[in-house]
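K.L.:
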Amino acid sequence: MNFFNLSFRYKIPLWGSMLILLSTLAVSATLIIDAFNELRDDLVIDAQTLGIALEPALSAAMSRDDVWSVYTSIAAALSRTGEAERAKFSSAVVADTAARVYVAAPPTVAPMLTELRNVNSDYASIAERLQSDTTESGFAITPANSDRQYFVLPITDHEVRYGTLILSLNRQSVLPRFSEIALRGLLVGTVILCILLPFNWYWGRRMAEPLVELIERMRNVGKQLPETLDPAVYSHRDELGSLFKTYNKMLTDLKAREELERQVVQSDRLAALGQLAAGVAHEINNPLGGMLMAIDTLKSHTVIDSRTAKTIALIERGLGQIKETVGALLVEAKTKSRNLTTSDIEDVLVLILPQAHGKRLKIDWHNQIAGAVALPATLVRQVLINLLLNAVRAANTDGVVACHLAQTGNKFSVSIANDGRLLTAEEMTHLFEPFSPLSEDGHGLGLWVCYQIVHQLGGSITAQCKDQRMCFDVELPTAEPAP
Amino acid sequence: MATRSPARYRHVTFAAQIQRAVRQLLTILFCLVASLAAAEETGRPIRFGLTPVIVADQAKLLEAWRSYLQKRLGRPVTFVVRENYSDTMELIKHDLLDFAWVSDYPYVTLEQTHRARLLVTPIHRNSATYHALLIVPVADQVTTSIFDLEGKIFAYADANSFTGYLVPRSELQTGGKNPAKFFRKTFFTHGHQRVVEAVAIGLANGGMVDGFIWESLARLRPSLTEKTRIVAQSGEYGFPPIVARQSMSPTEAAAMRKVLIDMADDREGAALLADLNIDGFVDGDRHLYDGVLEMMKVMGEL
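Sequence lines, in order, name chains A and B.
Count the first sequence with numbering that gives the first Met the number 0 and you get residues 0 to 482, in order.
Count the second sequence with numbering that gives the first Met the number 0 and you get residues 0 to 301, in order.
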């Protein structure tokens, strides 16, 4: 599995953890190395301090050839504790000016009077360096292949050289002190990691989860419109926040477009249906007129027995029903009509009130129309009656039907709402089609007629759920603006 | 009287003044001497010198002994501890110490020069004598006498020490060797105990020490003596004595002598003696130290 293909949910925290780990290690390592260097410098200082402290006693004792005093001085210095705890010098050798061992502590390191170069290879290299070194200041030396470090310090008094003090330090003895420093460094590092890692993990998840959620939604965009993202998931206004915002805007746009498409498809279908219905109605209307005329002629010019008369009446009623239905289908809006007045509208209220009383409905009537509206009165009245009757039928018993009428500028608007059952999305799709199955009595042509009239008048009719009410909105352009 | 001039009058007055001043001065001096003499008898502290003839680092024991002596003598006692014999000898020579516990060699020197006299001699294991021990590091299992140490490093206790300096040099001289050239290197540790230390740690290849000190150390610090091996033992010599300065008043010397000799008779004194690792003190016999005198004469030290 490739690390780079991992989900952000893991990758961000992992990357963060790795970086934290690396930087903590780097910082810890630097501190430890620094501490080690400091320790090494301290050892040199320790050795020098010791040398300076011993110098007067050593030079005085050497000047009177007091071996025992020299020995006790260096032996005491070796057994000294306290500040020298950093590392204890394991041995001290005092050499005379002829590079011979004057005295050593412990004496087993080098017998008295041994040539320094004969003690061992370490001291041989010290002797060599002493020979070439004329600076009269001390030096530290780590002979090749030796596990010891030596601090070589001159013993002088008033510019008289009495000899050399050689302090030996076992490098292993520094290790406990060093490991103590290293351990402390690692401990601090661990504490830092313990604080930073959970924080990083939380932060990483916090960054990744909104992204992941976004991606999962985006993945479904082709198939269906996903839900909008809850802004609470990521409320900040950074790039991720803008991404959320943009996504939600895109979703709103997509939804609006889908709605538009749906409306276009619906109106196209309704238009096709209208044409079909009108065509069929015309084709039926012509022979129907002939048939009705023939029956009329038959009735008035021929003596017919009662039985035939009964049959003719039957045919006549049937043809009448066909005519009525076809007439209903064939909405003819182009007929001349007088302009709508406010009394036309109030008449409609009077017409429906009896039915409304039957269901003890409350009619919420808001008519803001004053004077005439440049719209054909008959057609508008028919639309109003259809919609109001539907509303009264659909409303609950003891319910409410609300009707708002207004004209603003060149727009006449009607809004009729009832508190009855809300229509499903499926029902809404086929709402304005003829022979609607929703119609409990009648042809189911009421809304179809309304639709045809409104469209022929160049307006729009929509149905939607508003505040738990089924609401029908009609908008019609008027030839003249409101007075 | 009438002829007396003012100048003469002044002169007489001046002479009388001087006479009076001298008289007063003499009176004061007399009083001072009298009071000093009285103080010497009672209040002045006794100054008791100690040399490394006994094991050092026993402050508690020395303090107990000092207060014991103080109590018995009925006057203050001060112990004057010096690192080496010569300092103590110098103090006695200048009458700055009243008594001192010294090595045979200083004692004989002081007596020969009439600076001090023998007071008492300690008894160790029922004997008023002691001997010197030749010791080498325990790792050295081959040395059988001092002559095997030719060209080695040798530790001396002190140039004024009997067992730690005079005895080994005398042995070499009697053996026909030149003590000055026999060893490759010698050094002084200023104390028998330190000679033992120097040999124990291997700083010196050998050393000669006071047998009494070595035995005391074997009891107090066996870890140190275990690292040394006794190679040879010298003849017997008088035990390092306690001396009194020559000018010491006989009554004071006698008081101190009595207190020291009586130590073994009371419980507190006996306990102190046990801690000092000796049985008691007896009157000193000068003949005990004749061997030392002889040796010094042979070595040309006198």
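Every residue, glycine too, gets a C-beta built ideally from N, C-alpha and C.
Just so it is clear, the structure is predicted and the values come from calculations on it, not from any experiment.
Which residues of chain B have a Cβ atom closer than 8 Å to the Cβ of tyrosine 70 (chain A), listed in chain order?
P.N.:
The contacting residues are Ala197 and Leu202.
K.L.:
For alanine 94 (chain A) versus leucine 115 (chain A), is the C-beta spacing smaller than 9 Å?
P.N.:
Yes, Cβ-Cβ distance for alanine 94 (chain A) and leucine 115 (chain A) is below 9 Å.
K.L.:
At 9 Å on the CB atoms, spell out the chain A contacts of arginine 220 (chain B), in chain order.
P.N.:
Near arginine 220 (chain B) there are no residues of chain A at all, since even the closest Cβ is about 16 Å away, more than 9 Å.
K.L.:
Check the Cβ-Cβ distances between methionine 61 (chain A) and every residue of chain B, and say whether any is below 9 Å.
P.N.:
With 9 Å as the cut-off, methionine 61 (chain A) does not count as an interface residue toward chain B.
K.L.:
For a cutoff of 9 Å on Cβ pairs, would you count methionine 298 (chain B) as touching chain A?
P.N.:
Chain A, which has no Cβ nearer than 9 Å to the Cβ of methionine 298 (chain B), makes this no.
K.L.:
In chain order, what are the residue ranges of uninterrupted beta strand (DSSP E) at least 3 long that sit wholly in the region 136 to 176 of chain B?
P.N.:
Entirely contained in the region 136 to 176 of chain B, the beta strand (DSSP E) runs reaching 3 residues are, in chain order, 152 to 155.
K.L.:
Along chain B, which residues have their Cβ under 7 Å away from the Cβ of threonine 107 (chain A)?
P.N.:
What threonine 107 (chain A) touches in chain B: Gly201.
K.L.:
If we define contact as Cβ-Cβ less than 9 Å, is histidine 191 (chain B) a contact residue for chain A?
P.N.:
False, the Cβ-Cβ gap to chain A never drops below 9 Å.
K.L.:
Near glycine 299 (chain B), what residues of its chain come up, given a Cβ to Cβ distance below 8 Å and the 5 sequence neighbours on each side ignored?
P.N.:
Counting only Cβ-Cβ distances below 8 Å, and skipping sequence neighbours, we find nothing.
K.L.:
Buried or exposed, going by whether 16 or more other CB atoms sit within 10 Å of the CB of arginine 7 (chain B)?
P.N.:
For arginine 7 (chain B), the predicted structure reports a pLDDT of 46, less than 50, and the residue's modelled location is therefore unreliable. A value from the coordinates is still provided. The residue is exposed, with fewer than 16 neighbouring Cβ atoms inside 10 Å.
K.L.:
Counting only C-beta atoms, is lysine 226 (chain B) closer than 9 Å to chain A at any point?
P.N.:
Output row for lysine 226 (chain B): interface = no.
K.L.:
Would you mind telling me which residues of chain A sit closer than 7 Å to lysine 257 (chain B), beta carbon to beta carbon, in chain order?
P.N.:
Ordered by position in chain A, no residue passes the 7 Å Cβ test against lysine 257 (chain B), which lies about 39 Å from the chain.
K.L.:
Spell out whether any CB of chain A is found under 9 Å from the CB atom of phenylalanine 181 (chain B).
P.N.:
With 9 Å as the cut-off, phenylalanine 181 (chain B) does not count as an interface residue toward chain A.
K.L.:
I'd like to know if lysine 70 (chain B) contacts chain A, where contact means its C-beta is closer than 9 Å to some C-beta of that chain.
P.N.:
Chain A contact via Cβ: absent.
K.L.:
Which ranges would you report for the beta strand (DSSP E) in the region 343 to 431 of chain A if only whole runs of at least 3 residues count?
P.N.:
Taking only runs of at least 3 residues, the beta strand (DSSP E) segments lying wholly in the region 343 to 431 of chain A are 361 to 366, 372 to 375, 399 to 407 and 410 to 417.
K.L.:
Between arginine 285 (chain B) and chain A, is the shortest Cβ-Cβ distance under 9 Å, so that the two count as touching?
P.N.:
No, no contact with chain A.
K.L.:
Could you compute how far the alpha carbon of methionine 292 (chain A) sits from the alpha carbon of leucine 318 (chain A)?
P.N.:
In a straight line, the C-alpha of methionine 292 (chain A) is about 11 Å away from that of leucine 318 (chain A).
K.L.:
What residues in its chain sit with their C-beta under 8 Å from that of leucine 216 (chain B), if we drop five residues either side in the sequence?
P.N.:
Excluding sequence neighbours, leucine 216 (chain B) sits near Val54, Gln192, Val195, Leu223 and Thr224.
K.L.:
Would a check of beta-carbon distances place leucine 102 (chain A) closer than 9 Å to chain B?
P.N.:
Looking at the sequence provided, one finds valine at residue 102 (chain A) rather than leucine. For valine 102 (chain A), the answer is yes, since a Cβ of chain B falls inside 9 Å of its Cβ.
K.L.:
For threonine 188 (chain B) and chain A, any beta-carbon pair shorter than 9 Å?
P.N.:
Yes, threonine 188 (chain B) counts as interfacial toward chain A.
K.L.:
So which of A:Asn4, A:Met111, A:Ala139 and A:Ser342 has the shortest CA-CA distance to aspartate 121 (chain A)?
P.N.:
Comparing Cα positions, the closest option is A:Ala139.
K.L.:
Mapping the DSSP letters down to three states, classify arginine 22 (chain B) as helix, strand or coil.
P.N.:
Note: arginine 22 (chain B) maps to helix in three-state DSSP.
K.L.:
Within 9 Å of any Cβ in chain B, is that where the Cβ of valine 173 (chain A) sits?
P.N.:
Cβ-Cβ to chain B under 9 Å: no for valine 173 (chain A).
K.L.:
Just to confirm my understanding: we take glycine 491 (chain A), look at its own chain, exclude 5 residues before and 5 after, and list those with CB closer than 7 Å. What are they?
P.N.:
No answer is possible for residue 491 (chain A): the residues shown for chain A start at 0 and end at 482.
K.L.:
Using a Cβ-Cβ distance cut-off of 9 Å, determine whether asparagine 169 (chain A) contacts chain B.
P.N.:
Chain B, which has no Cβ nearer than 9 Å to the Cβ of asparagine 169 (chain A), makes this no.
K.L.:
Please return the same chain residues whose Cβ sits closer than 6 Å to the Cβ of leucine 250 (chain A), not counting the five positions on each side in sequence.
P.N.:
Taken in chain order, the residues that qualify are Thr227.
K.L.:
Check each candidate in B:Arg46, B:Ile17 and B:Gln57 and name the one with the smallest Cα separation from arginine 220 (chain B).
P.N.:
Taking only the C-alpha atoms, the option nearest arginine 220 (chain B) is B:Gln57.
K.L.:
Got a sec? Which residues, its chain only, sit under 8 Å from serine 72 (chain A) by beta carbon, not counting five neighbours each side?
P.N.:
The residues are Leu53, Ala56, Leu57 and Ala60.
K.L.:
Short of 6 Å in beta carbon distance, which residues of its chain neighbour arginine 216 (chain A), apart from the five on each side in sequence? Order them along the chain.
P.N.:
Correct list, in chain order: Pro225.
K.L.:
Could you confirm whether any beta carbon from chain A is found closer than 9 Å to the beta carbon of isoleucine 212 (chain B)?
P.N.:
Chain A, which has no Cβ nearer than 9 Å to the Cβ of isoleucine 212 (chain B), makes this no.
K.L.:
Taking only three categories from DSSP, how would you classify lysine 10 (chain A)?
P.N.:
Helix, per DSSP.
K.L.:
Since isoleucine 194 (chain A) is in the alpha helix (DSSP H), which residue starts that stretch and which ends it?
P.N.:
It spans 173 to 218 - the alpha helix (DSSP H) in which isoleucine 194 (chain A) sits, taken as one unbroken run.
K.L.:
Identify the continuous beta strand (DSSP E) that holds alanine 115 (chain B) and give its terminal residues.
P.N.:
Per DSSP, alanine 115 (chain B) belongs to the beta strand (DSSP E) from 115 to 122.
K.L.:
Please return the same chain residues whose Cβ sits closer than 8 Å to the Cβ of alanine 393 (chain A), not counting the five positions on each side in sequence.
P.N.:
Closer than 8 Å at the Cβ level, and outside the excluded window around alanine 393 (chain A), lie Asn417, Gly419, Arg420 and Met469.
K.L.:
Give the residues of chain B in contact with valine 66 (chain A), contact being defined as C-beta atoms less than 7 Å apart.
P.N.:
Per Cβ cutoff of 7 Å: Phe186.
K.L.:
Using a beta-carbon distance cut-off of less than 9 Å, what residues from the region 124 to 138 of chain A approach chain B?
P.N.:
Residues passing the 9 Å Cβ filter: none.
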